[in-house]
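Top line first, the protein sequences correspond to chains G and C.
The opening residue of the first sequence carries number 21 in our numbering; numbering runs sequentially from there.
The opening residue of the second sequence carries number 93 in our numbering; numbering runs sequentially from there.
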Amino acid sequence: DVKVTQSSRYLVKRTGEKVFLECVQDMDHENMFWYRQDPGLGLRLIYFSYDVKMKEKGDIPEGYSVSREKKERFSLILESASTNQTSMYLCASSLMTGGRYEQYFGPGTRLTVT
Amino acid sequence: DQQVKQNSPSLSVQEGRISILNCDYTNSMFDYFLWYKKYPAEGPTFLISISSIKDKNEDGRFTVFLNKSAKHLSLHIVPSQPGDSAVYFCAASTTGTASKLTFGTGTRLQVTL
């Protein structure tokens with residue numbers, strides 16, 4: 021079974037703090053993704069990476085950055101947290117080839133910025 | 093611009109009956125579609141998918157139908173069970189986009205006894 025783990029299930033941070041969210045997958049997947057989920061808005065893609073040190077902006081990259089130094093690990097960074105970044109953050113991974121597009125998700129991190 | 097739309101935020105169905113969840117899309121380049129199920133405090137889990145070369149795909153109690161001309165897909169769950177109560181997201185992808193998915197806003201299904 022594919023396993024995607026996220027460093028924290030719940031996180032509370034103050035406005036202006038730098039926040040790191042870590043994601044690790046154990047299936048040697050090339051692609052990794054960061055989403056946020058908000059009520060009524062579904063899952064929105066923040067950033068994704070299709071290889072080590074490669075990254076591409078998703079639909080809502082403003083206020084976020086990412087790092088992928090190793091294939092299994094993809095980090096989301098909030099440079100200066102703001103209250104409108106309070107959300108559920110979901111990490112996912114998938115294979116690059118084979119015509120299969122299923123993404124496998126971690127359990128999520130509920131981030132509250134006060 | 094919402095390219096994948098789920099117009100029903102919620103649906104309530106009795107146990108044993110059929111649940112039908114709908115999804116519309118606007119981007120004609122989408123050629124692969126997926127359904128995910130999400131329980132509270134958990135990540136979404138993959139349920140079933142369909143390629144644009146097919147119009148139906150079945151897996152046990154779950155069937156996905158695709159109508160390309162209408163840009164519409166639906167997920168049928170028969171028979172519905174209380175454990176099916178969750179939020180369901182449809183998602184779409186285009187070949188060659190590194191499996192990047194565009195998700196709908198979700199439909200909360202409640203299966204009542």
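Cβ atoms here follow ideal geometry from the backbone N, Cα and C, with glycine treated the same way.
What does a CB cutoff of less than 6 Å around residue i pick up in its chain, not counting 5 residues either side in sequence?
i                           : result
asparagine 207 (chain C)    : In the structure as shown, chain C begins at 93 and stops at 205. Residue 207 (chain C) is therefore absent and cannot be evaluated.
leucine 205 (chain C)       : Glu107
phenylalanine 122 (chain C) : Ala184, Thr186
Looking at the unbroken beta strand (DSSP E) that takes in residue i, where does it start and where does it end?
i                        : result
glutamine 95 (chain C)   : Segment: none, glutamine 95 (chain C) is in no beta strand (DSSP E) and carries neither H nor E.
histidine 164 (chain C)  : 164-169
lysine 130 (chain C)     : 124-130
methionine 52 (chain G)  : 51-58
arginine 64 (chain G)    : 62-69
aspartate 151 (chain C)  : 148-151
asparagine 114 (chain C) : 111-117
threonine 197 (chain C)  : Unbroken run through threonine 197 (chain C): none, as it is neither H nor E.
serine 102 (chain C)     : 102-106
glutamate 42 (chain G)   : 39-45
Can you tell me the Cα-Cα spacing of residue i and residue j, whole angstroms?
i                           : j                          : result
serine 107 (chain G)        : phenylalanine 40 (chain G) : 14 Å
isoleucine 169 (chain C)    : threonine 155 (chain C)    : 7 Å
serine 249 (chain C)        : isoleucine 112 (chain C)   : Chain C is shown only over 93 to 205; residue 249 (chain C) falls outside these bounds and no answer can be derived.
arginine 153 (chain C)      : isoleucine 140 (chain C)   : 11 Å
phenylalanine 53 (chain G)  : leucine 158 (chain C)      : 26 Å
lysine 77 (chain G)         : proline 59 (chain G)       : 22 Å
valine 133 (chain G)        : lysine 146 (chain C)       : 45 Å
tyrosine 128 (chain C)      : glycine 175 (chain C)      : 15 Å
tyrosine 67 (chain G)       : serine 102 (chain C)       : 29 Å
glutamine 202 (chain C)     : leucine 110 (chain G)      : 23 Å
arginine 130 (chain G)      : serine 100 (chain C)       : 25 Å
glutamate 50 (chain G)      : arginine 64 (chain G)      : 20 Å
serine 69 (chain G)         : lysine 163 (chain C)       : 29 Å
glutamine 26 (chain G)      : glutamate 150 (chain C)    : 32 Å
tyrosine 55 (chain G)       : leucine 167 (chain C)      : 23 Å
lysine 23 (chain G)         : arginine 93 (chain G)      : 12 Å
lysine 75 (chain G)         : serine 95 (chain G)        : 11 Å
methionine 47 (chain G)     : aspartate 71 (chain G)     : 14 Å
phenylalanine 195 (chain C) : valine 179 (chain C)       : 13 Å
glutamate 37 (chain G)      : glutamate 99 (chain G)     : 7 Å
phenylalanine 125 (chain C) : alanine 112 (chain G)      : 17 Å
glutamate 42 (chain G)      : arginine 34 (chain G)      : 18 Å
On the criterion of 16 or more Cβ atoms from any shown chain inside 10 Å, does residue i qualify as buried, or is it exposed?
i                       : result
serine 185 (chain C)    : buried
glutamate 122 (chain G) : buried
alanine 133 (chain C)   : exposed
serine 191 (chain C)    : buried
serine 85 (chain G)     : exposed
valine 32 (chain G)     : exposed
Excluding the five sequence neighbours on either side, which residues of its own chain have a C-beta within less than 8 Å of the C-beta of residue i, listed in chain order?
i                       : result
proline 136 (chain C)   : Tyr128, Lys129, Lys130, Phe181
lysine 73 (chain G)     : Arg88, Glu89
threonine 103 (chain G) : Thr35, Val133, Thr134
proline 171 (chain C)   : Glu107, Gly108, Arg109, Ile110, Arg153
Note down, one range per segment and in chain order, each beta strand (DSSP E) of at least 3 residues found wholly within the region 87-133 of chain G. 93-98, 107-114, 129-133
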